[in-house]
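Chains as they are written, first to last, in our numbering: chain Y, 605 to 717; chain V, 774 to 887.
These notes concern the structure reproduced below.
Structure (structure tokens):
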């Protein structure tokens with residue numbers, strides 16, 4: 605059983621388009637995250653949600669909007685895609701009281717042409 | 774603010790040799806410390822973590838790490854490298870507040886030759 609899943613795994617799109625990446629976790633965790641891994645493999649937090657409430661919102665363009673319909677899902681919507689948005693996006697989850705151990709999804713490789 | 778420095782962006786070892794990947798952190802309070810591994814085109818898998826208690830932490834696949842507060846280090850070791858250990862390794866730190874972000878180092882690519 606996949607603990608943290610993301611769809612799609614690969615996403616190729618044109619500049620200016622709007623796209624979404626979906627994330628689901630079946631671990632029963634109450635906190636979910638989005639991280640961005642750039643071309644140099646550097647990982648940086650973008651957002652985190654706890655019980656559907658935004659708790660971390662790093663300095664990312666407001667073209668990026670996370671949406672959490674329920675505790676098990678955290679989707680990432682990106683408007684007006686730019687070349688610089690090309691990266692691998694990872695979803696992760698954790699449970700309060702479990703020493704912030706985060707479980708990561710397989711990643712979504714976004715390529716903007 | 775917390776930060777992580779991984780010394781050596783690329784480490785090469787022979788199969789059977791000792792693996793040593795270095796990680797130093799900066800934090801105003803004792804943090805939680807993690808090592809994750811990333812195989813090509815895959816997500817991150819937790820190798821081991823230090824939260825409290827014993828400073829020598831054993832993880833999966835024969836890896837271990839030792840938390841040294843005086844040196845602000847959390848180096849990852851494995852006595853004998855295997856070809857399957859070739860991957861990207863990330864050291865990460867977080868504070869103790871639930872739901873906080875992991876702050877990652879820039880990663881170390883481990884190559885293993887036969």
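The beta carbon of each residue, even a glycine, is placed where N, CA and C say it ideally should be.
Quick one: residues in its chain with C-beta nearer than 7 Å to the C-beta of residue i, no 5 flanking neighbours on either side, listed in chain order?
i                      : result
residue 818 of chain V : 809, 810
residue 763 of chain V : No answer is possible for residue 763 of chain V: the residues shown for chain V start at 774 and end at 887.
residue 675 of chain Y : 634, 655, 656
If the criterion is Cβ atoms closer than 9 Å, does the pair residue i and residue j meet it?
i                      : j                      : result
residue 622 of chain Y : residue 661 of chain Y : no
residue 607 of chain Y : residue 690 of chain Y : no
residue 653 of chain Y : residue 670 of chain Y : yes
residue 659 of chain Y : residue 872 of chain V : yes
residue 703 of chain Y : residue 798 of chain V : no
If we count the other Cβ atoms within 10 Å of its Cβ and call it buried at 16 or more, is residue i buried or exposed?
i                      : result
residue 783 of chain V : exposed
residue 628 of chain Y : buried
residue 663 of chain Y : exposed
residue 633 of chain Y : buried
residue 642 of chain Y : exposed
residue 620 of chain Y : exposed
residue 833 of chain V : exposed
residue 820 of chain V : buried
residue 679 of chain Y : buried
Ignore the nearest five residues each way along the sequence and tell me which others in residue i's own chain have a CB closer than 6 Å to its CB.
i                      : result
residue 614 of chain Y : 713
residue 841 of chain V : none
residue 875 of chain V : 865, 867
residue 785 of chain V : 884
residue 880 of chain V : 861, 863
When you compare each of the options to residue i by their alpha carbons, which one comes out closest?
i                      : options                    : result
residue 611 of chain Y : Y/625, Y/670, Y/668        : Y/625
residue 646 of chain Y : V/882, V/877, V/887, V/886 : V/877
residue 775 of chain V : V/871, V/851, V/866        : V/866
residue 853 of chain V : V/791, V/777, V/836, V/843 : V/791
residue 640 of chain Y : Y/707, Y/617, Y/711        : Y/711
residue 802 of chain V : V/787, V/812, V/869, V/777 : V/869
residue 807 of chain V : Y/709, Y/695, Y/705        : Y/705
residue 695 of chain Y : Y/716, Y/717, Y/636        : Y/636
Does residue i get closer than 9 Å to chain A when you measure Cβ to Cβ?
i                      : result
residue 805 of chain V : The structure shown contains no chain A; its protein chains are Y and V.
Within the same chain, show all residues whose beta-carbon is closer than 8 Å to that of residue i, passing over the 5 residues directly before and after it, in chain order.
i                      : result
residue 631 of chain Y : 607, 608, 697, 699, 707
(request) Count the C-beta pairs between the stretch 815 to 831 of chain V and the stretch 670 to 688 of chain Y that are closer than 8 Å, then say yes if the count reaches three, no if not. (result) Contact check between the stretch 815 to 831 of chain V and the stretch 670 to 688 of chain Y: fewer than three CB pairs, one atom from each, fall below 8 Å, which does not count as touching.
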